[in-house]
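Below is one structure; the comments refer to it alone.
Number of protein chains: 2
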Amino acid sequence: MAALNTQSPVPLYHQLAELLQGRIRAGEYPAGTRIPSEPELARTFGIGRPTVRQATDLLIRRRCLERRRGSGTFVIEPPEQVDLLSLAGTLASFEKTGRGDRSRVVHTIVQRVRRIRVPTDIENPFSGRTAWTLARLSRVDGTPALLESLWLDPEHFPGLDRMSLAGRSLSQLAHEHYHLTAETADQDFRVAVPDEAQAELLEVEPDHPVLLVKRRIHFPHARDAVFAEMLCRTDRLVFSQTLGGSLDA
Amino acid sequence: MAALNTQSPVPLYHQLAELLQGRIRAGEYPAGTRIPSEPELARTFGIGRPTVRQATDLLIRRRCLERRRGSGTFVIEPPEQVDLLSLAGTLASFEKTGRGDRSRVVHTIVQRVRRIRVPTDIENPFSGRTAWTLARLSRVDGTPALLESLWLDPEHFPGLDRMSLAGRSLSQLAHEHYHLTAETADQDFRVAVPDEAQAELLEVEPDHPVLLVKRRIHFPHARDAVFAEMLCRTDRLVFSQTLGGSLDA
DNA sequence: CGAGCCAAGTTGTCAAGACAACTTATCAAA
DNA sequence: TTTGATAAGTTGTCTTGACAACTTGGCTCG
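Below, the structure is given as structure tokens:
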């Protein structure tokens, strides 16, 4: 059995939280099952019960666990959450809630990463600076529905052009290779008309209005590290997301 | 000085949290200032320091306080947050960030609350049931920009028609009169064309595309207690919001 | 006067224990 | 069989105590 390192500068409760989350991800504690009780975990790892609670507190805030008084602490289904670095989560949730047919197939083409000097654009935080950029086009049932343009800060994502983007979400890549997890984002919505190139990619008439979302994504100690512009054909795809999550509890 | 009630079924840490938040709201602890240290609060209220920490933990999750190790616990500026029950917060934040002129004047006309039987509409959770309904029209610099239609659950908002909606946000009213605080919301976005009546109110041509947002708002023990449909002229107003907020910290 | 050290104060982490409130399963009685 | 009481197990709350890590301001020394 894995043990905790008392000498490590990483707090015990943090170590235990990571350990438990690892077991959850590994399937050792499947969703819906009970994890060992607090006194049991305390005994097992030779730590105090408050420390165990501090650890499970973390996972509860991360929506990994749920406490039921008198009953136990349970692994919960990971809630659908907005993936700030892509609309993948949004698309997926649309398929699940499935207003309409749920047999839709989403296929995404990813352009390779390039390093460019961003033209002047008051709404783009990289305006006038250099940045990584890439574009993605997602199709639903063969029809283009979503065109994303992304800009990333080269300082926080060094060597991004050498990474493989295949089969992995940008969020995963940011987390695993750069240890960056999106913290907050600002987004705004408007109705816009695509330019010629965009209209062609989305396969709409040049005067067909689409939804334009601009999103600035912030990481710890790195505001505006990613900027995204998303064009969405809402006749094909409803752009949906979940807000909030109680601050208490 | 106010004291805590040891006999109350309300936990001490919760009582202390409310007390501190009251002082913050009352201006006794202005934003940016330090609140008394944990040992001092413990002494003052005759409770243990962990209990004090439990209380401040709550307020930290509510983004009211911030801890600085070695320095103290400080009141922070309330962050701009999306007001789920209205776009007021969104409009305000637009004015603050002020892309463009910041001298815009927002004026809102509120229709009186009526009780109706909601026509069949698969996307309206009140479809086929009775509900409170009202509409609001907001103008920016005199031009209509936002048309909101709201539906509220009569069971959770009894007597809503006798309440005064003047000078008070719906969120305030829900909180103060019904002790309800929005927990989460689902929203989706699409481009739509207003119907005749809507076009007239928004003062646009009937074929002018606008942003349509549908939002289902959930309260503790009351899912879908409020439904909102919002039409936004994004040529006049950018619909913006902030997402996220770290789950750790 | 300036720079660096030092001490006091503050939050971060952790322990061990206690009782309360609640859930669940078991077992007994009707 | 059904119902109710009981007991065991679990989380919720709270206390006291301790040491570590860090920040800040004042003091001393140059």
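In the order they appear, the protein sequences are chains A and B. For the first sequence, my numbering begins at 83 and goes up steadily by one. For the second sequence, my numbering begins at 83 and goes up steadily by one. All residues carry an ideal CB built from backbone N, CA and C; glycine is no exception. None of these values were measured; they are calculated from a predicted model.
Using a CB distance below 9 Å, the part of the region 258 to 274 of chain A facing chain B consists of Thr263, Ala264, Glu265, Thr266, Ala267, Asp268, Gln269, Asp270, Phe271, Arg272, Val273, Ala274, ordered along the chain.
Taking a beta-carbon distance threshold of 7 Å, Thr324 (chain A) counts as an interface residue toward chain B. Assigned with DSSP and collapsed to three states, Phe127 (chain A) falls in helix. Look at Pro160 (chain A) here: in three-state DSSP terms it is coil, with no helix or strand label. The Cβ of Val308 (chain A) sits no closer than 7 Å to any Cβ of chain B.
The count of Cβ pairs closer than 8 Å, one atom from the region 284 to 300 of chain A and one from the region 310 to 322 of chain A, reaches three, so the stretches are in contact.
By the neighbour-count criterion, in which a residue is buried when 16 or more other Cβ atoms sit within 10 angstroms of its Cβ, Pro121 (chain A) is exposed. The beta carbon of Thr138 (chain A) does not come within 7 Å of any beta carbon belonging to chain B, so the residue lies off that interface.
With 16 or more other Cβ atoms from the protein chains shown falling within 10 Å of its own Cβ, Glu311 (chain B) counts as buried. In terms of Cα proximity to Ala227 (chain B), the closest of B:Leu234, B:Pro112, B:Arg218 is B:Arg218. Per the coordinates, the alpha-carbon of Asp235 (chain A) lies some 20 Å from the alpha-carbon of Leu325 (chain B).
Inside the region 97 to 154 of chain B, DSSP marks whole beta strand (DSSP E) runs of 3 or more residues at positions 147 to 150, from first to last along the chain. Residue state for Ala267 (chain A) is assigned as strand, using DSSP reduced to three classes. Beyond the five residues adjoining it in sequence on each side, His257 (chain A) comes within less than 6 Å, by CB distance, of Thr263 in the same chain, given in chain order.
Residue burial is scored here from C-beta neighbours: Ile106 (chain B) has at least 16 other C-beta atoms within 10 angstroms and is therefore classed as buried. Residue contact check for Val320 (chain B) against chain A: a CB pair falls below 7 Å.
The C-alpha of Ser253 (chain B) is placed about 16 Å away from the C-alpha of Gly241 (chain B). Spatial neighbours of Leu140 (chain B) in its own chain (CB-CB distance under 8 Å, excluding positions within 5 residues in sequence) are listed in chain order as Tyr95, His96, Ala99. Glu230 (chain A): member of the beta strand (DSSP E) spanning 225 to 234, first to last residue. With contacts defined by Cβ atoms closer than 7 Å, Phe271 (chain A) and Phe309 (chain B) do not form a contacting pair.
Setting aside the 5 residues that flank it on each side, Val200 (chain B) is surrounded in the same chain by Asn206, Phe208, Ser209, Gly210, Arg211, Thr212, Ala213, Thr215, Trp233, each with a C-beta closer than 8 Å to its C-beta; the list follows chain order. Counting every other CB atom within 10 Å of its CB across the protein chains shown gives Ala274 (chain B) a total of 16 or more, marking it as buried. Interface annotation, Leu293 (chain A): in contact with chain B, CB-CB separation under 7 Å. In the structure shown, the three-state DSSP call for Ser253 (chain B) is helix. Flagged as an interface residue toward chain A: Thr316 (chain B), by a C-beta distance shorter than 7 Å. For the options B:Pro118, B:Arg144, B:Asp289, B:Phe127, the alpha carbon positioned closest to that of Asp277 (chain B) is the one of B:Asp289. Straight across, the Cα-Cα distance linking Arg143 (chain B) with Arg125 (chain B) is about 24 Å. Closest in C-alpha terms to Ser246 (chain B), from the list B:His238, B:Phe239, B:Leu255, comes B:Leu255. Residue range 212 to 222 is occupied by the beta strand (DSSP E) that includes Leu219 (chain B). For Glu237 (chain B), there is no enclosing beta strand (DSSP E), as DSSP marks it with neither H nor E. Beta-bridge partners of Gln323 (chain A) (DSSP): B:Gln269.
Of the residues assessed, His303 (chain A) falls on the exposed side of the cut-off, its CB having fewer than 16 other CB atoms within 10 angstroms. When C-alpha distances from Glu230 (chain B) are compared across B:His261, B:Pro132, B:Gly109, B:Arg297, the shortest belongs to B:Arg297. Taking C-beta atoms under 8 Å as the contact rule, Ile117 (chain B) and Leu102 (chain B) qualify, at a distance of about 7 Å.
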